[in-house]
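Reading through the structure tokens given below for one structure.
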Amino acid sequence: MLSKNDKKVLTDPLISNNPIAMQVLGICSALAVTTQVKPAFVMCVSVTLVVCVANFLISVLRNGIPSRIRIIVELCVVASLVILVDQVLKAYMFDLSKQLSVFVGLIITNCIVMGRLEAFALMNKPFPSVLDGLGNGLGYSLVLMLVACMREVLGAGKIAGIPVIPQALFDAGYVNNGLMVLAPGAFILLGLYIWAQNSLFPPKAGK
Amino acid sequence: MRNDNIYIFGYAGAVCLVCSILLSLAATKLQPLQAENMKLDIRKNIMIALGIIDTEARLSKEELNQKYSSVNGMVLDLEGNVVDGLNPENLTEKDLESKLPIFQKMENGVVKGYAFPIVGKGLWSTLKGYLALEADTVTVKGLTFYQHGETPGLGAEIEQSWFTNNFKAKKVRDNLGNLVGVTVAKGKATDSGRPIEHVVDGISGATITANGVTDMFKVGLVKYDAYFERVRQGGH
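Chains A and B, in that order, are what the protein sequence lines are. Numbering follows our numbering, with no gaps: position 106 of the first sequence is 112. Numbering follows our numbering, with no gaps: position 166 of the second sequence is 206.
Shown next, in the form of structure tokens:
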């Protein structure tokens, strides 16, 4: 179904051109929402959705957008989409939207969304653009979930609110690492992840 | 591609028009649903504070509204007099400057507790919640937060039951009858040097949020003090 090129567009951002690890985009939200798995997951879904739809719309409009105001047009489209997502969440998934509070609105400022619009959607047809959005959304989600799992386990002893570290360990004197729920914990984990990926899958020379 | 000013202005205008029509359409269409969700959420919080339902309980709209029938909402003026003919759920922001909503838990015609809204400032956001007192108006019955924008994992932990449950059975007045509220300690409650019935464990990394909680307790209790004084005198 997918051509070779389409497949590359979809799978490249997962590992070898991961938006967080390789393009170093979207770091701010990666720090903010990864203290617990649940909000991180909803954030991943929302970002993936927004980046897909925004990529599609901008790609459809790409031949009409005047280049001098393209950033404003992109911002306008992204902001509208994000507000729409926020409104729908508030109407149909109230509990979830409460949990995410301001972070839904902050998708607007996620550099991955703008980055993909500029780098891909403006120059490609709608279908590959959607794939590119999906790939980048999933690549972002992959790192976010990994960091969120680590932070919640080390910082709170839980995954998605379910205790995973046995009580016996706490009784024996084990203490949750408070650093992990603070921003530096995310920086350290993200740094380690980027380092690990760069040594395991070194970027091709000349790229 | 055309790149002259007329085209650019026209294009920008068209994009703005489409976006704004779409958004205002969505906002108006979804508004009734959102308002209903919010009202229901507040009812839920009042009932959690009053101990009618459990924090983890997943109840349908109908079940929530049915359980809410045991709650008696009233409106007070600033002197603590009951104002008749007003529904506490319909008070506007402006009304709240001169009116105080309060919710009683009724059991066979006997008041089993009082819940009222409390508001305070956290680190990033306004904290809104409900505080419930036992019928003696001194012992804390429950506490919930229904709106805040604090850091997940840190300040946002105030809404978790492990934190709010610590407030249960704490006293908001000392033995002499002075209003002292409940203080969120920095660290362990036992290390704070205060009488244990007026202090709860803090959250590490969330001191400013915790201070906000301490303050909102005081502010809220002072506002309703005139009414509770009457209740203690045997009125209402």
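Using N, Cα and C, we set each Cβ at its ideal position, and we do this for glycine too.
Point to revise | Start-to-end residues for the beta strand (DSSP E) that takes in F156 (chain B) | key: Counting along the chain, the beta strand (DSSP E) containing F156 (chain B) begins and ends at 150-161.
Practice item. Please classify A225 (chain B): is it buried, with 16 or more other beta-carbons within 10 angstroms of its beta-carbon, or exposed? Key: buried
Practice item. Please work out which residues of its chain come closer than 7 Å, Cβ to Cβ, to V240 (chain B), disregarding the five sequence neighbours upstream and downstream, and give them in chain order. Key: N206, F207, K210, V222, V224, A225, A229
Point to revise | Proximity below 7 Å, CB of V153 (chain A) to CB of T54 (chain A) | key: no
Check your understanding: List, in order along the chain, the chain A residues whose C-beta lies closer than 9 Å to that of N105 (chain B)?
Key -> Here the premise fails: no neighbours, minimum Cβ distance about 15 Å.
Practice item. Report the three-state DSSP secondary structure of V35 (chain B) (helix, strand or coil). Key: A query on residue 35 (chain B) cannot be resolved here, the shown segment of chain B reaching from 41 to 276 and no further.
Review point. For a contact meaning CB atoms closer than 7 Å, what does F100 (chain A) contact in chain B?
Key: Correct list: N77, D81.
Practice item. Mark S109 (chain B) as exposed unless 16 or more other C-beta atoms lie within 10 angstroms of its C-beta, in which case mark it buried. Key: exposed
Review point. V187 (chain A): buried (16+ other C-beta within 10 angstroms of its C-beta) or exposed?
Key: V187 (chain A) should be labelled buried.
Point to revise | Contacts of A229 (chain B) in chain A (Cβ-Cβ under 9 Å) | key: Going along chain A, no residue has its Cβ under 9 Å from A229 (chain B), so there is no contact; the nearest lies around 18 Å.
Review point. Run through DSSP, which three-state label would G169 (chain B) get?
Key: In this structure, G169 (chain B) counts as strand in the three-state DSSP scheme.
Practice item. On a CA-only basis, which of B:I46, B:W202, B:N105, B:F185 is nearest G355 (chain B)? Give me that one, please. Key: As displayed, chain B neither begins before 41 nor continues past 276, which places residue 355 (chain B) out of reach and without an answer.
**Study point:** Exposure of S277 (chain B), with buried meaning 16 or more beta-carbon neighbours within 10 Å
**Key:** Residue 277 (chain B) lies beyond the range of chain B shown here (41 to 276); nothing can be said about it.
Point to revise | G139 (chain A) beta carbon less than 7 Å from that of V57 (chain A) | key: yes
**Study point:** L152 (chain A): first and last residue of the uninterrupted beta strand (DSSP E) it sits in
**Key:** Element bounds for L152 (chain A): not the beta strand (DSSP E) but the alpha helix (DSSP H), 132-162.
Check your understanding: Nearest to P45 (chain A) by CA position, among A:K104, A:C82, A:Q29, is which residue?
Key -> A:K104
Exercise for review: Taking H188 (chain B) as the reference, give the member of B:T179, B:Y170, B:D176 with the closest Cα.
Suggested key: B:Y170
**Study point:** Where the alpha helix (DSSP H) through Q187 (chain B) begins and ends
**Key:** Premise fails: Q187 (chain B) lies in the beta strand (DSSP E), 180-187, not in any alpha helix (DSSP H).
Practice item. Measure the C-alpha to C-alpha separation of A66 (chain B) and V83 (chain A) and round it to an integer number of angstroms. Key: 15 Å
Practice item. Identify whether F143 (chain B) lies in helix, strand or coil by the three-state DSSP scheme. Key: Note: F143 (chain B) maps to strand in three-state DSSP.
Check your understanding: Closest Cβ-Cβ distance between C82 (chain A) and chain B: below 7 Å?
Key -> yes
Point to revise | Helix, strand or coil at L62 (chain B) according to DSSP, with G and I counted as helix | key: helix
Practice item. Tell me whether the beta-carbon of L87 (chain A) lies closer than 7 Å to the beta-carbon of A60 (chain A). Key: yes
Review point. Thinking C-alpha only, which one of B:V220, B:E197, B:E103 is nearest S244 (chain B)?
Key: B:E197
Point to revise | CB-CB length for C50 (chain A) against S147 (chain A), believed under 8 Å | key: That belief holds up - the Cβ atoms of C50 (chain A) and S147 (chain A) are roughly 4 Å apart, short of 8 Å.
Practice item. Determine contact between the segment 105-119 of chain B and the segment 253-261 of chain B, defined as no fewer than three beta-carbon pairs at a distance below 8 Å. Key: no
**Study point:** Residues near T95 (chain B) in its chain [Cβ-Cβ closer than 7 Å; skip 5 each side]
**Key:** I88, S201
Exercise for review: Give the straight-line distance between the Cα atoms of R76 (chain A) and G70 (chain A), rounded to the nearest whole angstrom.
Suggested key: 10 Å
Review point. Hey, quick one: how far does the beta strand (DSSP E) through M114 (chain B) stretch, first residue to last?
Key: 111-117
Review point. How long is the line joining the alpha carbons of I93 (chain B) and V48 (chain A), rounded to whole angstroms?
Key: 27 Å
Exercise for review: Go ahead and label A155 (chain B) buried or exposed: buried means 16 or more other beta carbons lie within 10 angstroms of its beta carbon, across all protein chains shown.
Suggested key: buried
Practice item. Hey, could you find the ends of the alpha helix (DSSP H) A60 (chain A) is sitting in? Key: 43-67
Point to revise | Three-way DSSP call (helix, strand, coil) for L131 (chain B) in this model | key: coil
Point to revise | Separation of L104 (chain B) from E34 (chain B), as counted between CA atoms | key: Given that chain B is displayed from residue 41 to residue 276, the structure contains no residue 34 (chain B) and the question cannot be resolved.
Point to revise | Cβ-based contacts, 8 Å cut-off: residues of the segment 48-62 of chain B near chain A | key: Interface annotation for the segment 48-62 of chain B against chain A: I48, Y51, A52, V55, C56, C59, L62, criterion Cβ-Cβ distance under 8 Å.
Review point. With a CB to CB cut of under 6 Å and the five nearest residues on each side skipped, what residues in its chain are close to L90 (chain B)?
Key: K145, G153, A155, A172
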